[in-house]
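Visitor: As given, the protein sequences belong to chains A and B, one line each in that order.
In the numbering used here, each number is its position in the first sequence, counted from 1, plus 11.
In the numbering used here, each number is its position in the second sequence, counted from 1, plus 126.
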Amino acid sequence: MRNSLLSMVIAILMSVAGNSIAADAHLMIMDPWVREAPPNAKMLAGYFTIMNHSGKSVEIVGASSDKFEKVELHKTVHEEGVAKMIAQPSVEVGKHATVKFQPGGLHLMLIEPKTKLKAGDKVDITLKLNKGDELKMTAVVKKGGAKEEHSHEHMHHDH
Amino acid sequence: MLSLIVSPCVFSVFRFGTGFATACGSAVSFYNVHMINFLINSRTVIYWSVSIILFIGLIAVGMLYSSRVSDVNIKGVRYFSSAVKLNNFQLNDHNHQNYDNQRLAGQWNALFFGYTHCPDICPTVLLDMSNVYNEYSKRQDAKELQVVFVSVDPNRDSLKHLKNYVTYFNPDFLGVTGERKQIDALTKSVGAMYDFEDGISGELLTAEQVVDKQGYKVNHYAAIILVNPEGDMVAHIYPPHDLQRVVGALGTIININS
Chain A
12 MRNSLLSMVI AILMSVAGNS IAADAHLMIM DPWVREAPPN AKMLAGYFTI
62 MNHSGKSVEI VGASSDKFEK VELHKTVHEE GVAKMIAQPS VEVGKHATVK
112 FQPGGLHLML IEPKTKLKAG DKVDITLKLN KGDELKMTAV VKKGGAKEEH
162 SHEHMHHDH
Chain B
127 MLSLIVSPCV FSVFRFGTGF ATACGSAVSF YNVHMINFLI NSRTVIYWSV
177 SIILFIGLIA VGMLYSSRVS DVNIKGVRYF SSAVKLNNFQ LNDHNHQNYD
227 NQRLAGQWNA LFFGYTHCPD ICPTVLLDMS NVYNEYSKRQ DAKELQVVFV
277 SVDPNRDSLK HLKNYVTYFN PDFLGVTGER KQIDALTKSV GAMYDFEDGI
327 SGELLTAEQV VDKQGYKVNH YAAIILVNPE GDMVAHIYPP HDLQRVVGAL
377 GTIININS
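(1) Please state if the CB of arginine 204(B) and the CB of histidine 367(B) are separated by a distance shorter than 7 Å.
(2) Taking 6 Å as the limit between beta carbons, can you name the residues of its chain near valine 316(B), skipping five residues before and five after?
(3) State the start and end residues of the unbroken alpha helix (DSSP H) segment that holds serine 315(B).
(4) Given that isoleucine 247(B) touches chain A, what residues does it touch there, using C-beta distances under 8 Å?
(5) Ignore the nearest five residues each way along the sequence and tell me which others in valine 102(A)'s own chain have a CB closer than 6 Å to its CB.
(6) Let me know the beta strand (DSSP E) ranges lying completely inside the stretch 226-253 of chain B, each 3 residues or longer, listed in chain order.
(7) Please confirm if lysine 67(A) has its CB atom under 7 Å from at least one CB of chain B.
(8) Can you tell me whether leucine 369(B) is helix, strand or coil according to DSSP?
(9) Using a Cβ-Cβ cut-off of less than 7 Å, give me the residues of the stretch 345-374 of chain B that come near chain A, in sequence order.
(10) Between the stretch 213-226 of chain B and the stretch 244-264 of chain B, are three or more C-beta pairs nearer than 8 Å?
(11) Spell out a yes or no on whether the stretch 220-235 of chain B and the stretch 288-297 of chain B are touching, meaning 3 or more CB-CB pairs, one atom from each, closer than 8 Å.
(12) Which value, in whole angstroms, describes the spacing of the CA atoms of glutamate 382(B) and leucine 369(B)?
(13) Tell me, please, whether the stretch 86-96 of chain A touches the stretch 305-316 of chain B by the rule of three or more beta-carbon pairs shorter than 8 Å.
(14) Throw me the rounded Cβ distance for the leucine 212(B) and glycine 357(B) pair, which I believe falls under 8 Å.
(15) Just the chain A side, please: which residues come within less than 9 Å of glycine 377(B) by C-beta, in chain order?
(16) How many whole angstroms separate the CB atoms of methionine 39(A) and histidine 243(B), which I take to be in contact at a CB cut-off of 8 Å?
(17) I need the straight-line Cα distance from lysine 95(A) to glutamate 123(A), nearest angstrom please.
(18) Considering Cα atoms alone, identify which of Thr303(B), Ala268(B), Gln340(B) and Asp283(B) is closest to alanine 375(B).
(19) Taking only beta-carbon atoms, is histidine 118(A) less than 7 Å away from chain B?
(20) Can you name the residues of chain A whose CB is closer than 8 Å to the CB of leucine 253(B)?
(21) Please decide whether lysine 264(B) counts as near chain A, where near means a Cβ-Cβ distance under 7 Å.
(22) So which residues on chain A does leucine 313(B) lean against when the C-beta distance must stay under 8 Å?
(23) By Cβ distance below 7 Å, which residues in the same chain neighbour tyrosine 225(B) in space, the five residues on each side in sequence not counted?
(24) Are the Cβ atoms of proline 365(B) and glycine 232(B) separated by less than 7 Å?
(25) Given lysine 111(A), which residues of its chain have a CB within under 6 Å of its CB, disregarding the five upstream and five downstream residues?
(26) With respect to the beta strand (DSSP E) encompassing leucine 352(B), which residues constitute its N-terminal and C-terminal limits?
(27) Assign alanine 74(A) to buried or exposed, taking buried as 16 or more other Cβ atoms, counted over all protein chains shown, within 10 Å of its Cβ.
(28) Does glutamate 261(B) come out as helix, strand or coil in the three-state DSSP assignment?
(29) Name the residues in the stretch 33-59 of chain A whose C-beta lies less than 8 Å from a C-beta of chain B; which are they?
(30) Verify whether the separation of the beta carbon atoms of serine 277(B) and tyrosine 241(B) is less than 7 Å.
(31) Look up lysine 339(B) in the DSSP assignment and say whether it is helix, strand or coil.
(32) Taking the continuous beta strand (DSSP E) assigned at tyrosine 58(A), which residues delimit it?
(33) Using a Cβ-Cβ cut-off of less than 9 Å, list which residues of the stretch 323-337 of chain B approach chain A; keep chain order.
(34) Can you give the beta carbon distance from valine 152(A) to glutamate 47(A), rounded, assuming they're within the 8 Å contact cut?
(35) Look at the alpha carbon of lysine 339(B) and the alpha carbon of aspartate 279(B), and state the distance between them as a whole number of angstroms.
(36) Would you list, in chain order, the members of the stretch 118-140 of chain A that have their beta-carbon closer than 7 Å to a beta-carbon of chain B?
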C-alpha cells in the first residue's frame, strides 16, 4: 500500500516534470509557440524564450519536430533595408542568460509541415544541445501574436 | 512678404526722425521737452509693438511654411518631396488580371516585396500591414488604400498559391507576381533590391539558377513602398511596422499629398 502510494507520487512528480521539460533542470523554456500560417504555407516559424539558470553556457545546435520535415535555427537581420534570414549553426545561451526567439529575430524555421496546423494545435519540438542533450517542448499554434515583444525588440533597429 | 521686410526699415527711419525732433525740442522748454518725450515714448512703444507683432507674424508664416516639410520628417520614413515616376511594368494579380502601372491609379497603394516560403519576416509584415490597414481605414480622413504583396519568387509562388497565402492575412490584400524582367522593372524603379541564396551553402544564386530548385532563401527589401493615386512613389516606410507609427505616417503623407 505504502509502496503503491509512493510510486503514485513519483509518477505524478515525473509527469509534472515531463511537462516542464526535464532534460536539464537548469534550463527553462517559456511560452513556446508556432505562428499559424496560411494553410498552403510551406514554411512556418516557432518562437520561445529559453532561460539558463546554470553557471555554464549551453548551445542549441539543432531542432526537430515530428510535425515537420525539417527544423532549422535562423535569425532575421536587416542590412540596409534588406531582410535576410541567416542560418544559425548554433545558438548560445550564456550562463544565467535568457535568449528570446521571437518574430523579426531568432526563430525556428519549420520546413514543410506534414499536416495543416491551426490555432490551438500542439507541436512537439525537440532542441538538440551540445554534448548530446535534448530539450523537449510543446508549442501551441497561435495566430499572429507577440506584438508587444515584437515592437520592443525592434527598438534597437535604426534606419 | 516684401512689405513685411521693408516696414521695420521704414520704422527705423521714422525713429531717427523723432530722435532729431527730441534734440530740437530740448532747446524749447522743459514742459515742451516733456510733451515731446511723451510723444516719442508712445511712438517708441507703438514702434516696438508693431515690430514685435510683425516679427511674430514672420515666424508664424515661416513655421506654417516649414511644417509642410517637417511633418514628413517621420522616423523610419524616407519621403520623396517630388514623387518618383515608376518604370512601366506588366505583372499579374492573384485573380489572373493584368497588374500594371494603370492599376496603381485612382487609389493609394502600399507595396511590399517578399516570397511565401518566408517563415518569419513576410508573415510579420503581412500581419502588421493587416493591422495597419484595418486601423487606417477606420480614420475619418482615410483614403482608399490597396495593399499589394509582390512575390519576387514566381518560381515557387503561383498566382493560386499567392492568392491563398495573401488573402489569409487580409481578404482585401492583393498578391502580384510575373515574369522576372517585369518584376525587375518594378523593383528597380522603387529601389527594392533582392537576391537568392542557397539554403545550405549560403552562396548567392542567380534567378536562372533557382528555377529548378526548392531549398533556397530570398533576401529582400523589407520597407513598404507608398505609391500615390497617380502611380508615383512618394515614400518608403521602413520596418519595424509598428501599428501607431505606420498609421500615423500613412495619414500624414496621404493628407499632405491629397
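The C-beta atom is built at its ideal place from N, Cα and C for all residues, glycine as well.
Fair warning: this is a prediction, and the values are worked out from it, not measured in the lab.
Guide: If we stick to the structure as given:
(1) no
(2) Ile351 and Met359
(3) 306-316
(4) Thr87, Ala94, Met96 and Gly115
(5) Ile71 and Leu84
(6) 234-240
(7) no
(8) helix
(9) Asn345, His346, Tyr347, Ala348, Ala349, Tyr364, Pro365, Pro366 and Asp368
(10) no
(11) yes
(12) Here residue 382(B) turns out to be isoleucine, not glutamate, going by the sequence shown. Looking at the two C-alpha atoms, the distance is approximately 20 Å.
(13) no
(14) 6 Å
(15) In chain order: nothing, as chain A lies at least about 19 Å away.
(16) The pair is not a contact, with the Cβ atoms about 32 Å apart (cut-off 8 Å).
(17) 20 Å
(18) Ala268(B)
(19) yes
(20) Gly155
(21) no
(22) Rather than leucine, the amino acid found at residue 313(B) in this sequence is threonine. By Cβ distance, chain A contributes nothing, its closest Cβ being about 12 Å from threonine 313(B), past 8 Å.
(23) Leu217, Asn218, Asp219 and Val302
(24) no
(25) Thr60
(26) 350-353
(27) buried
(28) helix
(29) Arg46, Ala48, Pro49, Pro50, Asn51, Ala52, Lys53, Met54, Leu55 and Ala56
(30) yes
(31) coil
(32) 54-63
(33) Glu323, Gly325, Ile326 and Gly328
(34) 5 Å
(35) 11 Å
(36) His118, Met120 and Leu121
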